[in-house]
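S.K.: The listed protein sequences correspond, in order, to chains A and B.
Quick note: the first sequence uses the working numbering, first residue 1, plus one each step.
Quick note: the second sequence uses the working numbering, first residue 1, plus one each step.
Beta carbons are placed, not taken as given, at the ideal position from N, Cα and C, and that holds for glycine.
Okay, handing you the structure first.
Protein chains: 2
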Amino acid sequence: MITICVDAMGGDESPELVCEGIAAALDADPELCVLVAGNAEYVEPFCAAHSRAKALVTTEVIEMGDHPAEAVRSKRDSSIVRGCAAVRVGEADGFFSAGSTGAIFAAAATNVGKIRGIKRPAIASTLPGMSGRETLLLDLGANADCRPEMIVQFAQMGAAYARTFMGVAEPRVALLSNGTEETKGSEQVLAFHAALAEAVPEFVGNCEGVDILAGTYDVIVCDGFTGNVALKSLEGTAKFLVSRIKAAANASLKTKIGAGLMVGALRSIAGELSGDVKGGAVLLGLKAPVFIGHGSTSVDAIKNGTLAVAAAVRGDLTGRIAETLAK
Amino acid sequence: MITICVDAMGGDESPELVCEGIAAALDADPELCVLVAGNAEYVEPFCAAHSRAKALVTTEVIEMGDHPAEAVRSKRDSSIVRGCAAVRVGEADGFFSAGSTGAIFAAAATNVGKIRGIKRPAIASTLPGMSGRETLLLDLGANADCRPEMIVQFAQMGAAYARTFMGVAEPRVALLSNGTEETKGSEQVLAFHAALAEAVPEFVGNCEGVDILAGTYDVIVCDGFTGNVALKSLEGTAKFLVSRIKAAANASLKTKIGAGLMVGALRSIAGELSGDVKGGAVLLGLKAPVFIGHGSTSVDAIKNGTLAVAAAVRGDLTGRIAETLAK
Chain A
1 MITICVDAMG GDESPELVCE GIAAALDADP ELCVLVAGNA EYVEPFCAAH
51 SRAKALVTTE VIEMGDHPAE AVRSKRDSSI VRGCAAVRVG EADGFFSAGS
101 TGAIFAAAAT NVGKIRGIKR PAIASTLPGM SGRETLLLDL GANADCRPEM
151 IVQFAQMGAA YARTFMGVAE PRVALLSNGT EETKGSEQVL AFHAALAEAV
201 PEFVGNCEGV DILAGTYDVI VCDGFTGNVA LKSLEGTAKF LVSRIKAAAN
251 ASLKTKIGAG LMVGALRSIA GELSGDVKGG AVLLGLKAPV FIGHGSTSVD
301 AIKNGTLAVA AAVRGDLTGR IAETLAK
Chain B
1 MITICVDAMG GDESPELVCE GIAAALDADP ELCVLVAGNA EYVEPFCAAH
51 SRAKALVTTE VIEMGDHPAE AVRSKRDSSI VRGCAAVRVG EADGFFSAGS
101 TGAIFAAAAT NVGKIRGIKR PAIASTLPGM SGRETLLLDL GANADCRPEM
151 IVQFAQMGAA YARTFMGVAE PRVALLSNGT EETKGSEQVL AFHAALAEAV
201 PEFVGNCEGV DILAGTYDVI VCDGFTGNVA LKSLEGTAKF LVSRIKAAAN
251 ASLKTKIGAG LMVGALRSIA GELSGDVKGG AVLLGLKAPV FIGHGSTSVD
301 AIKNGTLAVA AAVRGDLTGR IAETLAK
């Protein structure tokens, strides 16, 4: 039996929806216990009705609009801060929340703690690829400014994740740049390239923005500023195309019928980039697995996110990263 | 009468296709002359058959795979180098090529020359927006490392372009960052923000990658590294979604019929992000308009690109930028 703490108050939807997701995860995994963090009115009745659910009653909620670091300091009795603290003291083996990425990162970095030797944890996400293979992209915004040794650790953590969770025995790690030649990049990125070439055997060279969804590399590393811009450019493009397709579908009777026949397929494509399948992002470099769900969440997203944390605990993600760093 | 030099050898398609595009531009604009740069076998017969076309016979071709700066130095008799030189000596009022962006930038920076006071020219492109309004994004890769004073000039040039060509009397200029708050960004981007806030009245604050195709801002500025990553992430996402839609369309008879009814609409959406409509990118900060077409070109792309350079000459883009800088 393992115990995952899930934040009932996280995400744009209701705590009831999060609880539905937790129930689905408990149904799917008989070896799973969930510590449900949140306001008493939601978590107590839910835990009373589910034998493998235990309540962690909290009184404060960190909202999406709160300043992350400030909220973590001032809302000590929030589901995010208490959830991370429960992991630290061993009441839970991992944490899942669909709340504010910045707040979860801040709370987890302080309360869960870093793996020995890790300079800074990173936010990573697996993205679908045209080739059918997925790519792990990191850092997605935790560290706007990075030193070369941080990028080296991102590459090492990413490679360990790819081996453990993506089923890739020999991961290919690339550096996001403005051209594939090794001479391409800002001064900073040229320094990243040199450090990766020296320290990371899995490093295969530079890649470009167009490679992120191509499924050519298993891991793509960059500083958090660049990763955030790339990820949000990708999200913006998906939104743009979906809005254009909707407008086109409504343009005539012919296109309305066409869209009606394709609607299921189009929805599943839009869903691929929405984070529902994988349950969002993962924090790498912490002493226990902490996963972050997409804000605009669903029952499936909560279920899959919770099960992904459980898989990370069972697969000993933390131990594998520590091993890689020790080499 | 104005004269635009067009590179017959540029682009992934044949010189014959480029010549068809030139013919279409000449048909559309009776006050236009074209100086057609390229190998004799293509440009001479074309110019013999078109009264307002004049041949600029060259013997070398800069290929897409050539190292830009090296190719510009070594292939002195290429259509790109000679075309830019023709602009410098006044044989043409502007230049259009669908060739290598890096080579055109290098040739134009040296041969066309910069507007007095400009530190570095920038590569800019107008992108479609969800709101129906377009956004000019720069720099797209000419300057991987930027100082704050360069970003200020990009903002000023972008604002001048928006006033002259996008019909926006009071352009809104934003800085691409990893969050909208002014405290967000790398150290470098925080310095960009401070410089813009002080020197550029059109500056309205930070924006994120998701805003690039939202049509919320008229101009978005960033260093060339970030702009290149953002633009290529956008292109990659469009490719990914188109490939997924194609696969989904072929999945069943129902979706095949649906896609058949929607095919025209889907093609036009894909075309919006392909560069065909606007004819690609524009170099800002040079003494004469130089536009770059999308590599995977078409007759319409060449026609529209050529006419766009003619419009930039007639609208005195160069003069307007010089005026803005002088303020």
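1. So if I threshold CB-CB distances at 9 Å, which residues from the stretch 225–239 of chain A count as touching chain B?
2. Using the Cβ count rule (16 or more neighbours within 10 Å means buried), how would you classify A/Asn250?
3. Taking the C-alpha atoms as reference points, what is the distance between A/Thr318 and B/Glu70?
4. Do you know offhand how far A/Gly275's Cα is from A/Gly293's?
5. Can you confirm whether A/Ile151, when its beta carbon is compared against all beta carbons of chain B, has any partner nearer than 8 Å?
6. Runs of 4 residues minimum, wholly inside the stretch 159–221 of chain A: which ones carry the alpha helix (DSSP H) assignment?
7. Could I get the ranges of all uninterrupted alpha helix (DSSP H) runs contained in the stretch 41–102 of chain A, with 4 residues as the minimum, in chain order?
8. Report the residue from A/Pro171, A/Gly236 and A/Leu190 whose alpha carbon sits nearest the alpha carbon of A/Gly215.
9. Using a Cβ cut-off of 7 Å, pull out every chain B residue sitting near A/Asp145, in sequence order please.
10. Does any residue of chain B bring its CB to less than 8 Å from the CB of A/Asn206?
11. Quick one: which chain B residues come within Cβ less than 7 Å of A/Ile257?
12. Taking 8 Å as the threshold (beta carbon to beta carbon), is B/Ile123 in contact with chain A?
13. Where does A/Ser298 fall in DSSP's three states?
14. What does A/Ile212 reach in chain B if we use C-beta pairs closer than 7 Å?
15. Can you tell me whether B/Leu56 is buried or exposed? The criterion is at least 16 other CB atoms within 10 Å of its CB, across all chains shown.
16. Is B/Ala265 helix, strand or coil by DSSP?
17. What's the gap between the Cα of B/Ile118 and the Cα of A/Lys119?
18. Taking a cut of 7 Å between CB atoms, which residues from the stretch 172–186 of chain A lie near chain B?
19. Just mark A/Ala122 as buried or exposed, buried being the case when its beta carbon has 16 or more other beta carbons within 10 Å.
20. Do A/Ile212 and A/Leu325 have their CB atoms nearer than 8 Å?
21. Tell me which residues share the same chain as B/Glu149 and place their Cβ nearer than 8 Å to its Cβ, disregarding the 5 neighbours each side in the sequence.
22. A/Met166 to A/Glu202, Cα distance in whole Å?
23. So, with DSSP's three-state summary, where would you put A/Val277?
24. Determine, for A/Lys246, whether the minimum Cβ-Cβ distance to residues of chain B falls below 8 Å.
25. Which two residues bound the contiguous alpha helix (DSSP H) that contains A/Ala124?
26. Tell me, please, which residues DSSP counts as bridged to A/Val282.
27. Let me make sure I understand the geometry here. Which of A/Arg52, A/Arg76, A/Ala53 and A/Lys256 has the alpha-carbon closest to that of A/Ile62?
28. Does the stretch 241–261 of chain A come close enough to the stretch 204–211 of chain A to have 3 or more Cβ pairs within less than 8 Å?
29. Check for me: the alpha helix (DSSP H) holding A/Leu140 runs from which residue to which?
30. Between which two residues does the alpha helix (DSSP H) harbouring B/Asp27 extend?
31. Which two residues bound the contiguous alpha helix (DSSP H) that contains A/Gly319?
32. Less than 8 Å separating the beta-carbons of B/Met331 and B/Cys33?
33. What's the gap between the Cα of A/Gly236 and the Cα of A/Gly129?
34. Determine the DSSP secondary structure at A/Val34, reduced to helix, strand or coil.
35. Starting from B/Lys114, follow its DSSP beta bridges and name the residues at the other end.
36. Measuring CA to CA, which of B/Val81, B/Asp218, B/Thr183 and B/Leu284 is closest to B/Arg116?
M.R.: Considering the structure as presented:
1. For the stretch 225–239 of chain A, the beta-carbon criterion of a distance under 9 Å to any beta-carbon of chain B is satisfied by Phe225, Thr226, Gly227, Asn228, Val229, Ala230, Leu231, Lys232, Ser233, Leu234, Glu235, Gly236, Thr237, Ala238 and Lys239.
2. Taking the first residue of the first sequence as position 1, residue 250 of chain A is located at position 250. It is exposed - the Cβ of A/Asn250 has fewer than 16 other Cβ atoms within 10 Å.
3. The residue labelled residue 318 of chain A in the question sits at position 318 within the first sequence. The residue labelled residue 70 of chain B in the question sits at position 70 within the second sequence. Taking the CA atoms as reference points, A/Thr318 sits about 48 Å from B/Glu70.
4. Counted from its first residue, the first sequence places residue 275 of chain A at position 275. Counted from its first residue, the first sequence places residue 293 of chain A at position 293. Confidence in A/Gly275 is poor, its pLDDT being 46 and thus under 50, which makes the residue's placement unreliable; the coordinate value appears in the next sentence. Each residue's alpha carbon lies about 7 Å from the other.
5. Stepping through the first sequence from its first residue, residue 151 of chain A is reached at position 151. No, A/Ile151 does not count as interfacial toward chain B.
6. List check, alpha helix (DSSP H) in window: 187–199.
7. The stretch 41–102 of chain A contains these whole alpha helix (DSSP H) runs: 68–74 and 79–88.
8. On the first sequence, position 215 is the one that residue 215 of chain A refers to. Selected option, being the one with the closest Cα: A/Pro171.
9. Numbered from its first residue, the first sequence carries residue 145 of chain A at position 145. For A/Asp145, the chain B residues whose Cβ falls inside 7 Å of its Cβ are Ser186 and Glu187, in order along the chain.
10. Your numbering for residue 206 of chain A matches position 206 in the first sequence. Not closer than 8 Å to any Cβ of chain B, the Cβ of A/Asn206 fails to qualify, so no.
11. Taking the first residue of the first sequence as position 1, residue 257 of chain A is located at position 257. The contacting residues are Leu261.
12. The count along the second sequence starts at 1 and reaches residue 123 of chain B at position 123. No, no contact with chain A.
13. Here residue 298 of chain A refers to the residue found at position 298 when the first sequence is read from its first residue. Here DSSP, grouped into helix, strand and coil, assigns A/Ser298 to coil.
14. As a first step, residue 212 of chain A must be located in the first sequence, where it is residue number 212. Residues of chain B passing the Cβ test: Ser233 and Gly236.
15. Residue numbering aside, residue 56 of chain B sits at position 56 when the second sequence is read from its first letter. With a 10 Å radius around the Cβ and a threshold of 16 neighbouring Cβ atoms, B/Leu56 comes out buried.
16. Taking the first residue of the second sequence as position 1, residue 265 of chain B is located at position 265. B/Ala265: helix per DSSP, three-state reduction.
17. Position 118 of the second sequence, counted from the start, is the residue given in the question as residue 118 of chain B. Position 119 of the first sequence, counted from the start, is the residue given in the question as residue 119 of chain A. B/Ile118 and A/Lys119 have their C-alpha atoms roughly 41 Å apart.
18. So the close ones are Leu176, Asn178, Gly185 and Ser186.
19. Counting from one through the first sequence, the residue named residue 122 of chain A turns up at place 122. The residue in question, A/Ala122, is buried, as its Cβ has 16 or more Cβ neighbours within 10 Å.
20. Numbered from 1 along the first sequence, position 212 holds the residue referred to as residue 212 of chain A. Numbered from 1 along the first sequence, position 325 holds the residue referred to as residue 325 of chain A. Not closer than 8 Å, so no.
21. Taking the second sequence and counting its residues from 1, one reaches residue 149 of chain B at position 149. Contacts found: Lys119 and Ala195.
22. In the first sequence, counting from the first residue as 1, residue 166 of chain A sits at position 166. In the first sequence, counting from the first residue as 1, residue 202 of chain A sits at position 202. Cα to Cα, A/Met166 sits roughly 15 Å from A/Glu202.
23. Your numbering for residue 277 of chain A matches position 277 in the first sequence. In this prediction, A/Val277 scores a pLDDT of 41, lower than 50, which makes its location untrustworthy; no coordinate-derived value is stated.
24. On the first sequence, position 246 is the one that residue 246 of chain A refers to. With 8 Å as the cut-off, A/Lys246 does not count as an interface residue toward chain B.
25. Mapped onto the first sequence, residue 124 of chain A falls at position 124. It is not in any alpha helix (DSSP H) - A/Ala124 instead sits in the beta strand (DSSP E) that spans Ala122 to Leu127.
26. Taking the first residue of the first sequence as position 1, residue 282 of chain A is located at position 282. The partner list for A/Val282 (beta bridge, DSSP) reads A/Ala124 and A/Phe291.
27. Numbered from 1 along the first sequence, position 62 holds the residue referred to as residue 62 of chain A. When each option's Cα is compared against that of A/Ile62, the closest is A/Arg76.
28. Look at the beta carbons and you see the stretch 241–261 of chain A not touching the stretch 204–211 of chain A: under three pairs across the two are nearer than 8 Å.
29. Position 140 of the first sequence, counting from 1, holds the residue named residue 140 of chain A. Run containing A/Leu140: none; DSSP gives neither H nor E here.
30. Position 27 of the second sequence, counted from the start, is the residue given in the question as residue 27 of chain B. Its alpha helix (DSSP H) spans residues Pro15 to Ala28.
31. Stepping through the first sequence from its first residue, residue 319 of chain A is reached at position 319. Leu317 to Ala326 is the span of the alpha helix (DSSP H), which, as asked, contains A/Gly319.
32. No answer is possible for residue 331 of chain B: the residues shown for chain B start at 1 and end at 327.
33. The sequence position of residue 236 of chain A within the first sequence is 236, counting from 1. The sequence position of residue 129 of chain A within the first sequence is 129, counting from 1. Annotation: A/Gly236 to A/Gly129 spans about 17 Å, alpha carbon to alpha carbon.
34. Position 34 of the first sequence, counting from 1, holds the residue named residue 34 of chain A. Correct three-state label for A/Val34: strand.
35. Position 114 of the second sequence, counted from the start, is the residue given in the question as residue 114 of chain B. BP columns for B/Lys114 point to B/Leu286.
36. What you label residue 116 of chain B is simply residue 116 of the second sequence in a count that begins at 1. Checked all of B/Val81, B/Asp218, B/Thr183 and B/Leu284; the closest Cα to B/Arg116 is B/Leu284.
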